[in-house]
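Engineer:
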Amino acid sequence: MKETIKQFIRSKIIENNLKPGQRVVETEIARELKVSQIPVREALCGLEEEGLIKSVKYTGSFVTEIDNREMYHMHLLRSYIESTALELTLPNLTKRDFGALHDIVDAMGEKQKSGVDYAAISALDIEFHRTIVAWSGIEAYNRIWAMLNGHVRRFINIVHPQIEHKQDQVYEDHRQLMEVLQERDVDKAKAAIKAHIMDVFDRGAIRVP
1 MKETIKQFIR SKIIENNLKP GQRVVETEIA RELKVSQIPV REALCGLEEE GLIKSVKYTG
61 SFVTEIDNRE MYHMHLLRSY IESTALELTL PNLTKRDFGA LHDIVDAMGE KQKSGVDYAA
121 ISALDIEFHR TIVAWSGIEA YNRIWAMLNG HVRRFINIVH PQIEHKQDQV YEDHRQLMEV
181 LQERDVDKAK AAIKAHIMDV FDRGAIRVP
């Protein structure tokens, strides 16, 4: 039950239904899910360990603010993991492997055309990158990447809509990235994935203190 409640609250934070700085009221969550406050409190403790919740003594639990410096270094870590995963796997990838990425990118394009909520497109964005990391078969990379995932998705859902044309570029950016990966040039692919992940920081769209 604790894990189910944690995922429920985590999703609300990632999708920006619970906003940075907003108080998370145990009684309201418990009432909504028809559970006692004890597993809600345990779930909030778990989310505090993930860095999505901050507990203030005698006051309550609050959604953490977006820290651009922290996000910059999380993106750097992601770029290292994903570029290393490509270095290890790219020469041996099959048509089926590339097909899995093509399916994700195609779905991204369809959702962008239909004008669905951006959260649905960002979820596909994350699935694209999760697939690359999974190819490596290195459990440490998968664990670390998963730990970063909630923060990165929240950042995307909050920050990308504020950047002009960024939402419109998601499909095209991934389509172009697919073209590079299919060339099987490891150095070129590593450079492309790093540039792709660090784009909003490298072009100055997000300032890092």
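In terms of the working numbering, the sequence shown has 66 at position 66, counting the first letter as 1, and numbering is strictly consecutive. Every residue gets a Cβ at the ideal spot worked out from N, C-alpha and C, and that includes glycine.
1) Tell me, please, which residues DSSP counts as bridged to F62.
2) DSSP three-state call for N17: helix, strand or coil?
3) Rounded to whole angstroms, what's the CA-CA distance from I66 to F155? Just pull it up for me.
4) Looking at C-alpha atoms only, which residue of F98, M1, K6, N16 is the closest neighbour of I158?
5) Mark K210 as exposed unless 16 or more other C-beta atoms lie within 10 angstroms of its C-beta, in which case mark it buried.
6) For V152, name the three-state secondary structure that DSSP assigns.
7) If you run the structure through DSSP and keep just helix, strand and coil, what is S122?
8) Would you give the residue range spanned by the alpha helix (DSSP H) that M198 belongs to?
9) Less than 8 Å between the beta carbons of L47 and I38, yes or no?
10) Could you give the first and the last residue of the continuous alpha helix (DSSP H) run that contains R69?
11) What residue range is occupied by the uninterrupted alpha helix (DSSP H) comprising M108?
12) Let me know the secondary structure DSSP gives Q176 once reduced to three states.
13) Counting C-beta neighbours from all protein chains within 10 Å, is the total for S136 16 or more, i.e. buried, or is it exposed?
Structural biologist: Answer, in terms of the structure:
1) Within the sequence shown, residue 62 is the residue found at index 62, counting from 1. According to the DSSP secondary-structure assignment, F62 is paired through a beta bridge with R23, K54.
2) Counting from one through the sequence shown, the residue named residue 17 turns up at place 17. In the structure shown, the three-state DSSP call for N17 is coil.
3) Indexing the sequence shown from 1 puts residue 66 at position 66. Indexing the sequence shown from 1 puts residue 155 at position 155. Computed Cα separation, rounded: 7 Å.
4) As a working note, residue 158 is residue 158 in the sequence shown. Nearest Cα to I158 within the set F98, M1, K6, N16: N16.
5) As displayed, the chain neither begins before 1 nor continues past 209, which places residue 210 out of reach and without an answer.
6) Translated into positions along the sequence shown, residue 152 becomes position 152. In this structure, V152 counts as helix in the three-state DSSP scheme.
7) Locating residue 122 in the sequence shown gives position 122, where the first residue counts as 1. In the three-state DSSP reduction, S122 falls in the helix class (H, G or I).
8) By one-based count along the sequence shown, residue 198 stands at place 198. M198: not part of any alpha helix (DSSP H); DSSP gives it neither H nor E.
9) Here residue 47 refers to the residue found at position 47 of the sequence shown. Here residue 38 refers to the residue found at position 38 of the sequence shown. No, the Cβ-Cβ distance between L47 and I38 is not below 8 Å.
10) For the purposes of this step, residue 69 is identified with residue 69 of the sequence shown, where counting begins at 1. In the DSSP assignment, R69 falls within the unbroken alpha helix (DSSP H) covering 68-89.
11) Counted from its first residue, the sequence shown places residue 108 at position 108. 95-114 is the extent of the alpha helix (DSSP H) around M108.
12) Taking the sequence shown and counting its residues from 1, one reaches residue 176 at position 176. DSSP places Q176 in the helix class (H, G or I) of the three-state scheme.
13) Taking the sequence shown and counting its residues from 1, the one referred to as residue 136 is at position 136. Burial call: buried.
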